[in-house]
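A short write-up of the structure that comes next.
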Amino acid sequence: MKLPLSLLNSTMPSGSGSLVWFRKGLRIHDNPALEYASRGSNYVYPLFVIDPHYMEPDPNAFSPGSTRAGINRIHFLLESLHDLDLNLKKLGSRLLVLKGEPSQVLIHCLKEWDVKKLCFEYDTDPYYQALDNRVKNYASTAGIEVFSPVSHTLFNPADIIEKNGGRPPLNYQSFLKLAGEPPWASSPLSVDLSSIPPVGDVGSCEILQVPTLKELGYVEKDQDEFTPFRGGESEALRRLRESLSDKIPWNVDDKLLAAWREARTGYPWIDAIMVQLRKWGWMHHLARHCVACFLTRGDLFVHWEKGRDVFERLLIDSDWAINNGNWLWLSCSSFFYQYNRIYSPTSFGRKYDPNGNYIRHFLPVLKDMPKEYIYEPWTAPLSVQTKAKCIIGRDYPKPVVSHDSASKECRRKMREAYALNQKLKGLVSEEDLKKLGSKLDEDEDEGQEPNPRRKRQKLIN
DNA sequence: ATGGAGTTGTGATG
DNA sequence: CATCACAACTCCAT
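This is the structure:
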């Protein structure tokens, strides 16, 4: 299919043009080759070459697909290309698809188009190395700049081997030693492109749209007959976000957060600790545990990051890594998982300080409260409160939550979050599992509980 | 697949 | 103070 002329900017004045040759890194974000091409170019040709070597049907192959690639792999690639094209279009460009032996197609394009820079991701595959050499040779004779960054791998494999005296390291320890700091550790990843220069004049080249399987000569099948893994940058980023997202549905409750932060929870043990934090900038390690647990998974179910920020600001021994680590730990977000072990905001302190001296010190308003009531002053009869010169609800707040019901609710939410996490942990979505489930039910005897883990196992093996 | 370990849980019981 | 039930987490070694 010929491209409509309007998209081709054939009237574009000649200037610096760049060609981005897409092969493996079929993405817009974090793509140094694309970024380099887009910077300082008047127009950019994003090109993908359909290589018959990988894409043409081979009826004699041992499974459906081409000589080199099974049908799933080709399908996945087409989905990725389709998504790449969509994403390029969002930025004012599009994917140019050509067909043929890639190095020949590339050289032809470089001859046809006004291109000053050729940009493509470095590839270690022997097949691509050979292709790349042919293309690079031509580019150098034609005076075209070649930019071929390492971005498919985090490190440059050639560097690692060279550092090891020409031999590849044979275990992970020595690899790490040789690799050292990754080059991007001290600098931010590439920026997000907000636009890409338009496509230039393509001359006489026959530009294709991203083909369908059918157009490539394959028999169309239903989606669920293919691998449950969908191709494309958008899907990849969605999976990444899903995997990084918090499975725990923390409350957004600034009132509860403020009550905790301002030592107004109504639980003297908690509030005394928070006063000490504010006044001294230091508390005992276990006191930190108590208030962190209370704010997050124990009672208030407020996001651990909120508490972390308060600690970060007020602790004199504040340490970014330790602080984050401890909050992740205490909130059962990572490292520690026994969310049923909840510190009691009353009995934990009572165990070590039955008289409540700590509370009396940091919350003087409660200093005359009898020890029987000092951890739960709202239970003190009014006569006792009057005698202690501390009326609950006036001189000292009532509890913001009831620990019994709040902690039960927290346990329930944690249980659900963990269960959901279990389900999502596999690389297969719920929807995929359902499909797979019905498929398995057809093959299997009945009576098996629909256990996602079990079914995922089947899928993987 | 399974069992043991895992900074630092609570509350009842003896 | 030790032990147990509670209800059941992940990670790791086997």
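So for the first sequence, this note's numbering puts the first residue at -17; every next one is plus one.
From the three backbone atoms N, C-alpha and C, an ideal C-beta is built for every residue, glycine too.
These numbers were taken from a predicted model, which means no experiment stands behind them.
Contact under 8 angstroms by Cβ, residue i with residue j
i           : j           : result
residue 344 : residue 272 : no
residue 240 : residue 256 : no
residue 59  : residue 189 : no
residue 100 : residue 92  : yes
residue 102 : residue 2   : yes
residue 8   : residue 63  : yes
residue 178 : residue 20  : yes
residue 95  : residue 200 : no
One or two residues paired with residue i in a DSSP bridge
i           : result
residue 48  : 39
residue 374 : 378
residue 32  : 81
residue 27  : 1
residue 233 : 284
Simplified DSSP assignment, three categories, for residue i
i           : result
residue 117 : helix
residue 101 : strand
residue 265 : coil
residue 125 : coil
residue 3   : strand
residue 108 : helix
residue 355 : coil
residue 400 : helix
residue 284 : strand
residue 190 : strand
residue 325 : coil
residue 334 : helix
residue 249 : coil
residue 13  : coil
residue 178 : coil
residue 152 : coil
residue 138 : coil
residue 273 : helix
residue 88  : helix
residue 203 : coil
residue 365 : helix
residue 346 : helix
residue 291 : helix
residue 296 : helix
residue 21  : coil
Whole-number beta carbon distance between residue j and residue i, since they are thought to touch under 8 angstroms
i           : j           : result
residue 198 : residue 39  : 7 angstroms
residue 98  : residue 0   : 7 angstroms
residue 65  : residue 216 : 5 angstroms
residue 382 : residue 238 : 6 angstroms
residue 250 : residue 402 : Rounded, the Cβ-Cβ distance is 36 angstroms, inconsistent with contact.
residue 275 : residue 396 : Going by Cβ atoms, the distance from residue 275 to residue 396 rounds to 12 angstroms, so no, they are not a contact pair.
residue 37  : residue 53  : With 8 angstroms as the limit, residue 37 and residue 53 do not qualify as a contact, their Cβ atoms being about 11 angstroms apart.
With three or more beta-carbon pairs closer than 8 angstroms as the criterion, would you say the segment 138 to 148 touches the segment 109 to 123?
no
Below 8 angstroms, how does it come out for the segment 331 to 342 and the segment 209 to 226: are there three or more Cβ pairs, yes or no?
no
I want to know whether the segment 86 to 104 touches the segment 67 to 74 - three or more CB-CB distances under 8 angstroms.
no
With contact counted as at least three CB pairs below 8 angstroms, one residue from each stretch, are the segment 30 to 37 and the segment 129 to 142 in contact?
no
Could you check whether the segment 277 to 292 touches the segment 379 to 399, counting it as contact only if at least three pairs of C-beta atoms, one from each stretch, sit closer than 8 angstroms?
yes
Counting pairs of Cβ atoms below 8 angstroms between the segment 255 to 270 and the segment 363 to 381, do you hit three or more?
no
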